[in-house]
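*Asks:*
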Amino acid sequence: MWLDIVNAALFGCELVTLEQFTDILNLGNTYFYLGMLNGKAVTSCMTILHEDTSVLEIVATLEEYRRKGVATATIDKALLDLRQKGIKTISLRAETDGIQVYKRLGFKECFVRTVAAYNWKETK
Numbered sequence: 001m002w003l004d005i006v007n008a009a010l011f012g013c014e015l016v017t018l019e020q021f022t023d024i025l026n027l028g029n030t031y032f033y034l035g036m037l038n039g040k041a042v043t044s045c046m047t048i049l050h051e052d053t054s055v056l057e058i059v060a061t062l063e064e065y066r067r068k069g070v071a072t073a074t075i076d077k078a079l080l081d082l083r084q085k086g087i088k089t090i091s092l093r094a095e096t097d098g099i100q101v102y103k104r105l106g107f108k109e110c111f112v113r114t115v116a117a118y119n120w121k122e123t124k
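Each residue of the sequence shown is one higher than the one before, counting from 1 in the UniProt record's numbering.
1) Per DSSP, what kind of secondary structure is residue 118 in: helix, strand or coil?
2) Under three-state DSSP, which class holds residue 60?
3) Put residue 88 into one of helix, strand or coil per three-state DSSP.
4) Please report the Cβ distance between residue 9 and residue 60, rounded to the nearest whole angstrom; I am assuming they are in contact, meaning their Cβ atoms lie under 8 Å.
5) What does DSSP give as the partner residues of residue 53 in its beta bridges?
6) In or out: residue 86 buried (at least 16 other Cβ within 10 Å) or exposed?
7) My output table needs one value for residue 17: the three-state DSSP class, helix, strand or coil.
8) Checking 8 Å against the spacing of the C-beta atoms, do residue 25 and residue 47 come in under that value?
9) So the beta strand (DSSP E) residue 33 belongs to, where does it begin and stop?
10) Name the two residues that bound the continuous alpha helix (DSSP H) containing residue 103.
What follows is the structure in structure tokens.
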């Protein structure tokens with residue numbers, strides 16, 4: 001289910017395969033979270049730990065379930081678990097539409113990155 005949420009919410013197709021997911025799962029320092037709403041899996045995230053630091057990655061919510069607080073609750077659980085494990089620093093990369101959610105959770109913006117895209121069909 002976790003992989004289904006990630007592929008549907010972030011990519012709209014199967015970009016992350018079961019084999020890749022299994023490789024990540026077997027690292028031993030990665031934790032996966034699944035947020036439910038009315039018995040349905042609608043959001044996901046994962047944390048990767050290294051010593052006393054962690055990164056929060058692949059926060060994904062199915063489009064029709066966004067802005068309902070499920071991702072926030074799921075991230076809250078991940079952050080609580082990280083605190084209990086003694087993690088001191090947590091970082092993440094955020095899309096523009098998620099920045100306010102992370103700020104409400106206590107994250108502070110460190111820098112802004114610009115990504116540019118090139119489309120062959122639009123270039124003459």
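Note that the Cβ used here is the ideal one computed from N, Cα and C, for glycine as well. It should be emphasised that the depicted structure is a prediction, and the values quoted were computed from it without experimental measurement.
*Replies:* Considering the structure as presented:
1) If you number the sequence shown from 1, residue 118 lands on position 118. Residue state, collapsed to three classes: coil.
2) Stepping through the sequence shown from its first residue, residue 60 is reached at position 60. Strand.
3) To locate residue 88, count along the sequence shown from 1; it is residue 88. If DSSP states are grouped into helix, strand and coil, residue 88 belongs with coil.
4) In the sequence shown, residue 9 corresponds to position 9, counting from 1. In the sequence shown, residue 60 corresponds to position 60, counting from 1. Confirmed, about 4 Å.
5) Indexing the sequence shown from 1 puts residue 53 at position 53. Paired residues: 50, 89.
6) Here the question's residue 86 lines up with position 86 in the sequence shown. Exposed is the call here.
7) For the purposes of this step, residue 17 is taken as the residue at position 17 of the sequence shown. The answer is coil: DSSP assigns residue 17 none of H, G, I, E or B.
8) For the purposes of this step, residue 25 is taken as the residue at position 25 of the sequence shown. For the purposes of this step, residue 47 is taken as the residue at position 47 of the sequence shown. No.
9) Within the sequence shown, numbered from 1, the residue matching residue 33 stands at position 33. Its beta strand (DSSP E) spans residues 30-37.
10) On the sequence shown, position 103 is the one that residue 103 refers to. Where residue 103 is concerned, the enclosing alpha helix (DSSP H) stretches over 99-104.
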